[in-house]
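First to last, the sequence lines map onto chains A and B. Using my numbering, you'd call the opening residue of the first sequence number 1 and step up by one each time. Using my numbering, you'd call the opening residue of the second sequence number 1 and step up by one each time. Backbone N, C-alpha and C define an ideal beta-carbon position, used for all residues, glycine too. Let me begin by presenting the structure, written as structure tokens, before commenting on it.
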Amino acid sequence: MTSDDVSAEAALSRVFTEEWGRLVARQIRLTGDWDLAEESVQDAFALALERWPRDGIPRVPAAWLTTTARNRALDVLRRRQVEAVKLRQSAQLADHLQGGSLSTALEDDSGIVDDRLRLIFTCCHPALALDARIALTLRTLSGLTTTQIARAFLVSETTMAKRLTRAKSKIRNAGIPYRVPPAHLLPERTAGVMAVVYLMFNEGYAATEGDALIREGLCAEAIRLARVLAGLMPEEPEAEALLALMLLHHSRRDARTSPSGDIVTLEHQDRALWDRAAIKEAAAVLATRDHEVPPPGPYRLQAAIATCHATASNAAETDWARIARLYEQLHEIAPSPVIELNRAVAVAMAYGPAAGLALTDRLVADAVLEGYHLLPAVRADLLRRLGRIEEAHAAYQQALALTGTTAERRYLEGRLRETEGG
Amino acid sequence: MKYMMFICHEPERLDEAVAQVEKDDGAWLNETVGRGVRLDGNALRPPNEATTVRVRGGSPLLTDGPFAESKEAIAGFDIIDCADLDEAIEIAIRHPCASVGSIELRPFWQ
């Protein structure tokens, strides 16, 4: 391999990450055919891989790829027209073409809205199943292959391929529009898009099973999508907040597990392992709106909580009282027993384990978190700190019976041994 | 795009559905007809008055009752012509029976 090959491949892989989503989104708008859009963009990259090492990297790589993908699609559509295949897309295209030729239709770049925004709203349409929304976003916007997505979600490639095909055919046949929703639907749909991106992140962040690299890639991809979203929707403060929140969580990735794969809880993490660049970026993102008056949304509050952790030099130095207040605010706008449980932890850190335990008593009484292993796990820790070892032991056992992942089981088993014979 | 809206609910909840329709007092109907969105529609007699027809080995086979037993049954239908699924969803959300049972939106084949 010559150095030209290497630099062409490096350039190509960078352009792929940056441009795939934009290219596919544009092709979908122009052809109305999702499969054709993906194929033509893929073909353009394949051709680049062949040509660029030989002919050199084009001056504007994205423009070269756009033209190549467009010509590919044009060839296919011409062939279809010649064959008079009565595909729905051809009919649509025929309507579209009534004032001009096929090539001018494909050159029409008058869309003022970034095509990626259309694409993300369509991929995250609430009429699609949640798992399909995530898969379709990863396929069309991020350019992950079906194999990669299947591996990330621990399903077979056939299952994932079917899921993607089904989603695309529903978009086509059920009339899911390819557009940014109108103003009256926008707040709800934007929240839906952000939920998908955050879920994608958590899919990579929370699970400890499966290939660690792929899981981490999922987090990185969610962050990249949030960055795109925040850039495309500057008037949406929550998009930036979501980006900051994920950056802050992700900054702890190297400290969250020990070399043997055991979970390291926040208070015991080696803070030198935290990614300072990510924390700095998050702070900068959040600072742009610090002066604004409107009440903060749920992502902003969560990002503020994460900031408290990220900026504290150790667990004891953390501003737990502020965290408890932020959780209370969060509970007011988005009531959830999980948030209450988190508040209980913060209250215990700020005002002592007894105060925290009292809050968890209410959750037990309400029976709203039955089957959720973190409730007995938190109670066990608080009971242990209060010296109520026998009750702590029982709670650890309860938590252990409810948890599924190996790393969490190991952590709880360790604690269980510590409280044995108490 | 044309969509068939199946209005479904548990047959026992017919009274509730009727109450909702009365409360709506024709608002949904007037609006959708006025906008030129609703092409047709009607309420249907309960499933126990249905007759299911099959032809097997060339012979007709009749069953007294619906084609499949289920908790919810089709209680009515509306045919709507919309710009896209978003408009159809918006119309379905405001259908008086949406709060009693469920509404299945099925796009026409063509």
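In whole angstroms, what is the alpha-carbon distance linking residue i and residue j?
{"i": "His133/A", "j": "Leu386/A", "result": "In the sequence on display, residue 133/A carries Arg and not His. Straight-line Cα distance between these residues: approximately 45 Å."}
{"i": "Glu292/A", "j": "Phe201/A", "result": "27 Å"}
{"i": "Glu157/A", "j": "Leu326/A", "result": "42 Å"}
{"i": "Pro47/B", "j": "Leu29/B", "result": "24 Å"}
{"i": "Leu138/A", "j": "Glu221/A", "result": "8 Å"}
{"i": "Arg59/A", "j": "His249/A", "result": "38 Å"}
{"i": "Arg410/A", "j": "Ala48/A", "result": "48 Å"}
{"i": "Ala17/B", "j": "Lys71/B", "result": "15 Å"}
{"i": "Leu119/A", "j": "Asn342/A", "result": "35 Å"}
{"i": "Glu107/A", "j": "Arg224/A", "result": "Note that Glu107/A has pLDDT 47, beneath the 50 cutoff, so the model's placement of it is unreliable and no number is given."}
{"i": "Asp78/B", "j": "Met5/B", "result": "5 Å"}
{"i": "Pro234/A", "j": "Pro187/A", "result": "14 Å"}
{"i": "Ala98/B", "j": "Asp86/B", "result": "16 Å"}
{"i": "Leu374/A", "j": "Leu242/A", "result": "24 Å"}
{"i": "Gln98/A", "j": "Arg80/A", "result": "Unreliable placement is indicated for Gln98/A, whose pLDDT of 43 sits below 50; the coordinate value is still reported in the next sentence. When rounded, the distance between both Cα atoms is 17 Å."}
{"i": "Gly26/B", "j": "Ala75/B", "result": "17 Å"}
{"i": "Glu10/B", "j": "Ser102/B", "result": "10 Å"}
{"i": "Ala69/A", "j": "Trp274/A", "result": "41 Å"}
{"i": "Gly352/A", "j": "Arg384/A", "result": "12 Å"}
{"i": "Gly111/A", "j": "Arg179/A", "result": "Caution applies to Gly111/A, whose pLDDT of 49 falls short of 50 and renders its modelled position unreliable; the value that the coordinates give is listed next. So the alpha carbons of these two residues sit roughly 11 Å apart."}
{"i": "Asp114/A", "j": "Ile80/B", "result": "32 Å"}
{"i": "Leu357/A", "j": "Trp109/B", "result": "58 Å"}
{"i": "Leu245/A", "j": "Tyr205/A", "result": "13 Å"}
{"i": "Gln148/A", "j": "Ile214/A", "result": "8 Å"}
{"i": "Ala25/A", "j": "Leu12/A", "result": "19 Å"}
{"i": "Ala277/A", "j": "Ala377/A", "result": "32 Å"}
{"i": "Asp5/A", "j": "Arg106/B", "result": "52 Å"}
{"i": "Glu418/A", "j": "Leu286/A", "result": "41 Å"}
{"i": "Leu412/A", "j": "Arg252/A", "result": "21 Å"}
{"i": "Arg256/A", "j": "Gln269/A", "result": "7 Å"}
{"i": "Gly100/A", "j": "Phe45/A", "result": "Note that Gly100/A scores 43 on pLDDT, short of 50, meaning its location in the model is unreliable and no value can be drawn from it."}
{"i": "Ile389/A", "j": "Tyr396/A", "result": "10 Å"}
{"i": "Pro96/B", "j": "Glu12/B", "result": "17 Å"}
{"i": "Ala127/A", "j": "Val100/B", "result": "20 Å"}
{"i": "Asn173/A", "j": "Leu44/B", "result": "27 Å"}
Could you work out which residues of chain A lie near residue i, taking near to mean beta carbons separated by less than 7 Å?
{"i": "Asp81/B", "result": "Within chain A, no residue comes near Asp81/B; the closest Cβ sits about 11 Å away, beyond 7 Å."}
Output, in chain order, the set of chain B residues within a Cβ distance shorter than 7 Å of residue i.
{"i": "Ala132/A", "result": "In chain order: nothing, as chain B lies at least about 15 Å away."}
{"i": "Leu185/A", "result": "Asp86"}
Residues of chain A with CB closer than 9 Å to the CB of residue i, please, in chain order.
{"i": "Pro96/B", "result": "Near Pro96/B there are no residues of chain A at all, since even the closest Cβ is about 21 Å away, more than 9 Å."}
{"i": "Met1/B", "result": "Ala174, Gly175"}
Residues of chain B with CB under 8 Å from residue i, in chain order?
{"i": "Asn173/A", "result": "Pro107"}
{"i": "Ala127/A", "result": "Leu85, Ile89"}
{"i": "Pro181/A", "result": "Asp86"}
In chain B, which residues lie with their C-beta within 9 Å of the C-beta of residue i?
{"i": "Ile176/A", "result": "Asp84, Leu85, Asp86"}
{"i": "Ala63/A", "result": "Here the premise fails: no neighbours, minimum Cβ distance about 32 Å."}
Opposite residue i in the DSSP bridges: which residues?
{"i": "Cys8/B", "result": "Ile74/B, Ser102/B"}
{"i": "Pro107/B", "result": "Tyr3/B"}
{"i": "Ile263/A", "result": "Thr257/A"}
Strictly under 7 Å for the Cβ-Cβ distance: is residue i near chain C by that measure?
{"i": "Ala310/A", "result": "The chain inventory of the structure shown lacks chain C, comprising the protein chains A and B."}
Comparing the CB of residue i with every heavy atom of the ligand GTP, is any distance shorter than 6 Å?
{"i": "Arg80/A", "result": "Only the bare structure without any ligand can be found here, which leaves the ligand GTP out of the picture."}
Practice prompt. Could you pull out every unbroken beta strand (DSSP E) segment of at least 3 residues lying fully inside the segment 11 to 99 of chain B, listed in chain order?
Written response: 38 to 43, 51 to 56, 59 to 64, 73 to 81
Discussion item. Against chain B, which members of the segment 396 to 422 of chain A pass a CB distance test of less than 8 Å?
Written reply: none
Worksheet entry | Runs of alpha helix (DSSP H) lying entirely within the segment 97 to 177 of chain A, each at least 4 residues, in chain order | 102 to 107, 115 to 123, 130 to 140, 146 to 152, 157 to 173
Worksheet item: Quick one: complete alpha helix (DSSP H) runs, 4+ long, within the segment 34 to 76 of chain A?
Response: 34 to 55
Discussion item. My parser needs the alpha helix (DSSP H) runs of 4 or more residues fully inside the segment 279 to 350 of chain A; what are they?
Written reply: 298 to 311, 320 to 333
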